[in-house]
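Chemist: Counting from 1, position 563 in the first sequence corresponds to residue 865 in this note's numbering; the numbering is continuous, with no gaps.
Backbone N, C-alpha and C define an ideal beta-carbon position, used for all residues, glycine too.
Predicted model only: the values in this text are computed from it and were never measured.
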Amino acid sequence: MHTEYDPGAVEAAAQQYWNANGSFRAVEDPSGEKFYCLSMFPYPSGRLHMGHVRNYTIGDVIARYQRMLGKNVLQPIGWDAFGLPAENAAIKHGIPPSQWTRSNIETMKGQLKRLGFGYDWSRELATCDPDYYRWEQWLFTRLMQKGLAYRAKATVNWDPVDQTVLANEQVIDGRGWRSGALVEKRDIEQWSVRITDYAQELLDAIDTLHGWPEQVRTMQRNWIGRSEGVYMEFGIAGSDQALGIYTTRPDTVMGVTYVAVAAEHPLASARAEQDADLAAFVEECRQGGTTEAELETMEKKGHRLGLDAIHPITGESVPIFVANFVLMGYGTGAVMAVPAHDQRDWEFAERYGIPRKQVIVSADGSDCGIADCAYVERGMLTDSGPFDGLTSEQAFDAIADWLAERGKGEKRVNFRLRDWGVSRQRYWGCPIPVVHGADGEVRPATDLPVRLPEDVVVDGSGSPLKKMPAFSELPDGGQRETDTFDTFFESSWYYARYCSADCDGVMLDERADYWLPVDQYVGGVEHAVLHLLYARFFHKLMRDEGLVDCDEPFANLLTQGMVIAETWYRENADGSRTWYNPADVEVNRDDKGKLLGGVLRADGEPVSFGGVEKMSKSKNNGVDPEALIERYGADTVRLYTMFTAPPEQSLEWSDDGVEGAARFLRRLWSLAAGNAEAVQAAEAGGADTDERAKDARREVHAALKKALFDFDRQQFNTVVSACMTMVNTLQKLDATKPAQAGVLREGLGILLRLLAPIAPHVTHLLWRELGFGDDILDAGWPEVDDGALVQDSVQYVVQVNGKVRAKVSVSTDADKSAIEAAALADENVRRFIDGVEVRKVIVVPGKLVNVVAK
RNA sequence: GCCCGGGUGGUGAAAUCGGUAGACACAAGGGACUUAAAAUCCCUCGCCUUCGGGCAUGCGGGUUCGAGUCCCGCCCCGGGCACCA
303 MHTEYDPGAV EAAAQQYWNA NGSFRAVEDP SGEKFYCLSM FPYPSGRLHM
353 GHVRNYTIGD VIARYQRMLG KNVLQPIGWD AFGLPAENAA IKHGIPPSQW
403 TRSNIETMKG QLKRLGFGYD WSRELATCDP DYYRWEQWLF TRLMQKGLAY
453 RAKATVNWDP VDQTVLANEQ VIDGRGWRSG ALVEKRDIEQ WSVRITDYAQ
503 ELLDAIDTLH GWPEQVRTMQ RNWIGRSEGV YMEFGIAGSD QALGIYTTRP
553 DTVMGVTYVA VAAEHPLASA RAEQDADLAA FVEECRQGGT TEAELETMEK
603 KGHRLGLDAI HPITGESVPI FVANFVLMGY GTGAVMAVPA HDQRDWEFAE
653 RYGIPRKQVI VSADGSDCGI ADCAYVERGM LTDSGPFDGL TSEQAFDAIA
703 DWLAERGKGE KRVNFRLRDW GVSRQRYWGC PIPVVHGADG EVRPATDLPV
753 RLPEDVVVDG SGSPLKKMPA FSELPDGGQR ETDTFDTFFE SSWYYARYCS
803 ADCDGVMLDE RADYWLPVDQ YVGGVEHAVL HLLYARFFHK LMRDEGLVDC
853 DEPFANLLTQ GMVIAETWYR ENADGSRTWY NPADVEVNRD DKGKLLGGVL
903 RADGEPVSFG GVEKMSKSKN NGVDPEALIE RYGADTVRLY TMFTAPPEQS
953 LEWSDDGVEG AARFLRRLWS LAAGNAEAVQ AAEAGGADTD ERAKDARREV
1003 HAALKKALFD FDRQQFNTVV SACMTMVNTL QKLDATKPAQ AGVLREGLGI
1053 LLRLLAPIAP HVTHLLWREL GFGDDILDAG WPEVDDGALV QDSVQYVVQV
1103 NGKVRAKVSV STDADKSAIE AAALADENVR RFIDGVEVRK VIVVPGKLVN
1153 VVAK
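What follows is the structure, given as structure tokens:
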């Protein structure tokens, strides 16, 4: 055995062994317990970053841990291969997106393999392969037949130069991010999927996701946004038409003093044709952006429609306004306004001189004035005719019933969730499998898969598919749809396809029911809503198609924290900042190690500290994983990322910390290498004859107990701590003494297995070198020997009035009075209780004694 | 504004049921080995101290024999949502 730890050689040997033995090939085995562990697959952007390394290390630690517990583990990997960056790279470098993507996959695959992750590579998939996307095309055609996919006009951000739809985040100051052209709102035909049909089920099932972080469950609930309210119809003066509105506060209906409609509301459009002022206002509203920031700064404005609405209960006339804050996309695009009891209505009324009418007062007589702001609490109705004296809750039902009896309204449940618009005017995506027939009929494509032509030139102006008659024109005169799917479509079902990755006749086979649901899903919290909601929805679509039999795709979810690092900058003359990589900065600290400042190594001049931020290109504070692996080895990088912070917290990068992790593995190596012969020859037992051996054995088993607990709750940083404690303990043993050699052998056997999920290569090799067996993966999981934890005497902490005054050693079998007597006999304790009355003595068995004295 | 997290040494963090606050590391300081450096090993390491002890888990109260942990009120930081009627 080499005395020097050489991670490069160790890791190559371990990986070669796993490859040769097919160690991570997962095979269905109904006789055993299965465990499906999945990390969110990467977008093949070019190279792995530290966030990937952290994500996949967490997943791999869990997968290997479950494997060593004896479960049948599946841990697959693949590529989220469609997407916009490939098109941008194509424009910039003149390479087809497919080529760029596939070469990135090769690079990143090499990096993943170098990290030693236990993936079943036989199930690898890339979403840009027709063998993959043909099945989502097939499912989409089924959805069309079921009426769950439909085509409708939707308002989008349209870039008139690039001839494409832009996502909200691609619109900067009202202009296209690439073309710089003024973005227009445009209504175009888009394919949508009826996720709203599943809104209630998606909401209800959140309650069953016990293995998900509460934060993510709350975000999904908010996103679905269920509200209970009442739909009611106002009359329109001088017309027999009705204006439907939705409200969650029907109890305030008697306080309505105006009604507001969205600029896009048909009523507004109709009136605008005769009213130039109104038309101008409607146009102004349409120009307004849809982003959050714009909405926040937007002034609340309105314009009289020139029509009155007729109150459904009182029959009174109230004015109708067009208001820029009313959203066409929610409810009916029209609201009743109650300035007395809604803050937004209150402000609007203030501005336009509309009266306020108070109809709710507090039930307990506390202040409920509306002079300074709206009174928005629920309470008791007043000035509300037949409903006077009812509570808000009673009035909700009474008013809904009153309206329903007269056919003027009904209770209604509303969701914030919108149907999922899946069309993108993009090239590098899965073609939507639809044909626009020469007869004008739109029908599902029958010649699946509809293959995306890969040998194309992308110039950024519109989708190249539109310019490819060979793709779009069909022999019968029909036209293929040239839009592609939103890339969330591919990532919504990949977890299921891994189960049946080689299936070429169907989307999924019975193996999906063996593996699903995913037992542990690991990924970034940034996917808390979109990806995780779409995937849940897709799962239910597949269930209803008979493809899977469980209701939810992911039983447990772990959202890992960000990887962050120091940032350093210099201010430029124009106020902008130039960011310097922390690796190029020499940091100065004071005597206590507190950060004082830094200088740039290149020129010795100072740079300013910019705080600790998420690793990013823009702040130039990234660390390249490959360089680290090159220098320290994969085990060190894995160990560092596990040790520095618990998985869900952010991880602050520190070069010194990596050095510390490397140091620990070197110490482990020299502990094993320095005692290899003694350990191989050692016999178990005999620890009781040697105090030191006995103590060490107790410490090892105490650390083991802690580590098992922490593995179970996925707090891997303290698992590593426990392993470090074991090394510290075992290092003190003298292997020439048989009893101590025995404990060393037992301790190393425990330690290597605990560490194996985290640092798999070095533990694999040491396990073999020390003669424990051939394959640590199949060695079984260590168990605590409670006998080793037993002590002859226990150290009690003695407190006087809650303050620690002494520590006394008491025989383990001592009874309460003996413990109490020992505590009170202590010299230092006496000093504090002499001359005062002892009122009570509390004894916590095995732990402490608290003497309560006057 | 609303909803979640969080605030503990110079730093990352730990503390399972309310029971010794700071495990395990990093940094720093001192020492050994070395021609020297690296590596390695040993010691010190919350603050104050008259060396008895006192004070310390964002701030102020409370419950308790005992509070980082539970309750009430506040401050700060991070994340999410937000004209949703």
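I'd like to know if the stretch 729-738 and the stretch 701-708 are in contact, where contact means that at least 3 CB-CB pairs between them fall below 8 Å.
Modeler: no
Chemist: Following the continuous alpha helix (DSSP H) through residue 1064, name the residue where it begins and the one where it ends.
Modeler: 1062-1071
Chemist: Quick check on the burial criterion: 16 or more other C-beta atoms within 10 angstroms. Buried or exposed for residue 1029?
Modeler: buried
Chemist: Which of helix, strand or coil does DSSP assign to residue 384?
Modeler: coil
Chemist: Can you tell which of 611, 417 and 947 has its C-alpha closest to the C-alpha of residue 1059?
Modeler: 417
Chemist: Does the Cβ-Cβ distance between residue 1012 and residue 1022 come in under 7 Å?
Modeler: no
Chemist: Return helix, strand or coil for residue 445, following the three-state DSSP convention.
Modeler: helix
Chemist: Is the CB-CB distance between residue 553 and residue 668 below 7 Å?
Modeler: no
Chemist: What does residue 1053 pair with, by DSSP beta-bridge criteria?
Modeler: In the DSSP output, where bridge partners are listed per residue, residue 1053 has none listed.
Chemist: In the DSSP output, what is residue 733 paired with across the bridge?
Modeler: 786
Chemist: Considering only DSSP beta bridges, list what residue 408 is partnered with.
Modeler: In DSSP, residue 408 forms no bridge with anything.
Chemist: Evaluate the contact criterion for the stretch 983-991 versus the stretch 321-337: three or more CB pairs, one atom per stretch, below 8 Å.
Modeler: As far as the Cβ criterion goes, the stretch 983-991 does not touch the stretch 321-337, which means the pair count is below three.
Chemist: For the alpha helix (DSSP H) holding residue 1136, just list the boundary residues, first then last.
Modeler: Careful: residue 1136 lies outside any alpha helix (DSSP H) and carries neither H nor E.
Chemist: List the whole-angstrom C-beta distance separating residue 818 from residue 855, where the pair is believed to meet the contact cut-off of C-beta under 8 Å.
Modeler: 7 Å
Chemist: Can you check which of these residues, 641, 644, 561 and 616, is closest to residue 605 by C-alpha distance?
Modeler: 561
Chemist: Looking only at its chain, what residues have a beta carbon closer than 7 Å to the beta carbon of residue 755, apart from the 5 residues adjacent to it on each side?
Modeler: Contacts found: 770 and 773.
Chemist: Under the assumption that residue 489 contacts residue 456 (Cβ atoms under 8 Å), give the Cβ distance between them as a whole number of angstroms.
Modeler: 7 Å
Chemist: Distance check for residue 936 and residue 1063, CA to CA, integer angstroms please.
Modeler: Residue 1063 and residue 936 have their C-alpha atoms roughly 8 Å apart.
Chemist: Output the boundary residues of the beta strand (DSSP E) element that contains residue 1144.
Modeler: 1140-1146
Chemist: Using DSSP with H/G/I as helix, E/B as strand and the rest coil, what is residue 337?
Modeler: DSSP places residue 337 in the strand class (E or B) of the three-state scheme.
Chemist: Take residue 681 and list the residues in its own chain whose beta-carbon comes closer than 7 Å to its own, dropping the five residues that flank it on each side.
Modeler: Same-chain partners within the cutoff: 662, 663, 664, 665, 670 and 694.
Chemist: So, helix, strand or coil for residue 775, using DSSP?
Modeler: strand
Chemist: If you measure between the beta carbons of residue 814 and residue 425, is that distance less than 7 Å?
Modeler: In this structure, residue 425 does not lie closer than 7 Å to residue 814 by Cβ.
Chemist: To test your reading of the DSSP string, which unbroken beta strand (DSSP E) runs of 3 or more residues are found completely within the stretch 1067-1114?
Modeler: 1095-1102 and 1105-1113, all fully within the stretch 1067-1114.
Chemist: Assuming residue 381 and residue 346 are in contact, meaning their beta carbons sit under 8 Å apart, how far apart are those beta carbons, in whole angstroms?
Modeler: The Cβ separation is near 5 Å, so the contact holds.
Chemist: Cα separation between residue 514 and residue 358?
Modeler: 19 Å
Chemist: With 16 as the cutoff for other CB atoms within 10 Å, does residue 1142 come out buried or exposed?
Modeler: exposed
Chemist: Determine the extent of the beta strand (DSSP E) in which residue 376 is found, giving its start and end residues.
Modeler: 374-376
Chemist: Give the DSSP-derived three-state secondary structure of residue 993 in the structure shown.
Modeler: helix
Chemist: Distance check for residue 848 and residue 789, CA to CA, integer angstroms please.
Modeler: 24 Å
Chemist: What separation, rounded to the nearest whole angstrom, lies between the Cα atoms of residue 296 and residue 521?
Modeler: Residue coverage of the chain in this structure runs from 303 to 1156, which leaves residue 296 outside it and unanswerable.
Chemist: Let's see if you can read the secondary structure: which residues bound the alpha helix (DSSP H) around residue 841?
Modeler: Membership of residue 841 in the alpha helix (DSSP H) is indicated by the continuous run 832-846.
Chemist: Could you tell me the boundaries of the alpha helix (DSSP H) in which residue 881 lies?
Modeler: From DSSP, residue 881 is part of no alpha helix (DSSP H) but of the beta strand (DSSP E) over 879-882.
Chemist: When DSSP labels each residue in this structure, what does residue 1003 get in the three-state scheme?
Modeler: The three-state reading of DSSP puts residue 1003 in helix, counting H, G and I together.
Chemist: Hey, out of 1039, 844, 614 and 611, whose CA is closest to residue 497's CA?
Modeler: 844
Chemist: Counting pairs of beta carbons, one from the stretch 959-972 and one from the stretch 306-319, are three or more of them closer than 8 Å?
Modeler: Touching, yes, given that three or more Cβ pairs across the two stretches are closer than 8 Å.
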